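When you read off a place in the sequence shown, starting at 1, and then add 9, the result is the number in our numbering. The structure under discussion appears below in the form of structure tokens.
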Amino acid sequence: MQRQERITLLQKLEEERKSKVIVYITSDRQPPQLCSASIALDVLPLFYSQLKVMGKAKKISLCIKSAGGNLDTPWPLVNLIREYCDELEVIVLDKALSAATLIALGANKIIMGPFSQLSPVDPRGEYVTKDGKKITLEVEDIIGFISLAKEKIGIKEQSALSEILKSLVGDVPTYILGSVNRTHSLIRRISENLLRLHLKGKNKGKQVRSIVTHLTERLYFHNHFVNRKEAKEIIGFAEMIEYASKDLEDLINDITILYNDTLEITKPFEPLKILGEKDKIDYISRRALIESTNKTNIFESHLQMVKIPVQPLPQVSMNITYQGWLERGDGQ
């Protein structure tokens, strides 16, 4: 995990984009409880520290790779970064999904290669009923249920629709339905506010509405991946999307591969293989990273692995001895 090799590529990207570069990556390596991470509010002081050292720049390029996370993070994070630059662009290393897509909405430009992906930002959450039952819901699940009854099945009478709503409330408590609706309204507001940071003026209203409506309602499936052509021509990002040139595409690919290697994102987590012939080992799982040419912050879980000799196959006991953000230096 050589930092200097990464910094060399970031310097090359800074020269290419005439900007200052910050990389933000959260791993989606399995299993999530030991190897992956999500976008979260704990990165705000780390970004502030990075930006203070970097100083005010004409343009900042945020290279991002994430499957998403806390939907409360994009608004304060984007506003913090924009305090230190006149222009913000987001470079999608390969995927910037959910909360990462929200972050991208706050950028003047979104740089995408052929493999870059955005996603809907419709809220999806796990709710617990009063009797302890867990329910995972998206607002589109509820809208889709009602649309099925009205449009596909053709139910028109108010009395019949009332019965359908009663059955929905029977399965999903009203307080959970209300929570889902509030979250959906919040996401629409955040999305619009992020876009309005740079899409200003009455003539931009239609574009803002198109982007927000598509990302919160019209894509219908939370795991739908949005490529650059769909983003630019169908969803309505238009001039916000910049297609990476061939040289930039190659550089982005090199950066992605190197950071995947740093966080071992594509490497299967196999405790028995990690232990090998040893009965006990200390292992570091690197789960997220924020890096510029000035500083490196890595979120790590330090695991103590112990082999348990049982039949037919040995088992592995794992204990987390430390977990949190650390500042790393050269050679790491």
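Virtual Cβ for every residue (Gly too), placed ideally from N, Cα, C. All values reported here derive from a predicted model rather than from experimental measurement.
CA nearest to the CA of residue i, picked from the options
i, options, result
"G78", "A46, T265, K67, L97", "A46"
"A49", "S107, L114, R205, P40", "S107"
"P352", "K255, Q324, H193", "Only positions 10 to 341 of the chain appear in this structure, which leaves residue 352 out of reach."
"S219", "D131, G245, Y57", "G245"
"I199", "L80, W334, Q13, L55", "L80"
"Q20", "D103, N262, T302", "T302"
"F56", "A76, S75, S36, T82", "T82"
"R51", "K316, L322, A297, V315", "According to the sequence as given, residue 51 is Asp; it is not Arg. The option with the nearest alpha carbon to D51 is A297."
"I112", "K276, E201, S58, E239", "E201"
"I243", "N212, S254, H223", "H223"
"N262", "I329, M63, S58, D103", "D103"
"W334", "A240, K304, V99, K215", "K304"
"M63", "V319, P85, R91", "R91"
"Q11", "S254, P85, D270", "D270"
Residue i and residue j closer than 7 Å at C-beta
i, j, result
"E258", "I120", "no"
"S70", "V30", "yes"
"L260", "L22", "yes"
"S310", "S294", "yes"
"L18", "I264", "yes"
"L228", "V217", "no"
"K316", "D288", "yes"
"R197", "V221", "yes"
"S75", "L272", "no"
Beta-carbon proximity list for residue i, same chain, < 6 Å, skipping 5 on both sides
i, result
"Y33", "I73, I299"
"Y93", "L60, K65"
"R38", "C44, S45, I274"
"K161", "With a pLDDT of 47 at K161, under the threshold of 50, the predicted position of this residue should be treated as unreliable, though the coordinate-derived value follows. Cβ neighbours of K161 beyond the five flanking positions: none."
"T110", "L127, S128, V130"
"R15", "L267"
"G115", "V87, L203, L206"
"Y331", "H311"
"E96", "K68, N117"
"E336", "N306"
"N328", "Q313"
"F308", "A46, R296, A297, W334"
"W84", "I199"
Where the alpha helix (DSSP H) through residue i begins and ends
i, result
"D270", "255-271"
"F56", "53-63"
"T17", "12-26"
"I90", "83-91"
"L43", "41-44"
According to DSSP, residues forming a beta bridge with residue i
i, result
"L127", "V235"
"F308", "A297, W334"
"K289", "V315"
"M327", "M314"
"G77", "G77 pairs with nothing; no bridge assigned."
"L71", "I31, V99"
"I119", "V99, I250"
"A49", "A49 is not bridged to any residue."
"A66", "C94"
First and last residue of the uninterrupted beta strand (DSSP E) at residue i
i, result
"I112", "Premise fails: I112 lies in the alpha helix (DSSP H), 108-114, not in any beta strand (DSSP E)."
"L284", "Premise fails: L284 lies in the alpha helix (DSSP H), 280-284, not in any beta strand (DSSP E)."
"K215", "Where K215 is concerned, there is no enclosing beta strand (DSSP E), although the alpha helix (DSSP H) it sits in stretches over 214-222."
"V99", "94-105"
"T225", "From DSSP, T225 is part of no beta strand (DSSP E); its letter is neither H nor E."
"E251", "250-252"
"I31", "29-35"
Sequence-distant residues of its chain with Cβ nearer than 8 Å to residue i (five each side left out)
i, result
"R237", "M121, G122, P123, S125, I250, Y252"
"T278", "According to the sequence shown, residue 278 is Phe rather than Thr. Around F278: R38, Q39, P40, L43, C44, S294."
"E25", "D256, L257, L260"
"P54", "none"
"A247", "Q216, K241"
Cutoff 7 Å; reference residue i; Cβ partners in own chain excluding five residues on either side
i, result
"I283", "I290, Y292, M314"
"H233", "S128, P129"
"K27", "K68"
"G214", "none"
"P318", "none"
"N212", "none"
"G210", "none"
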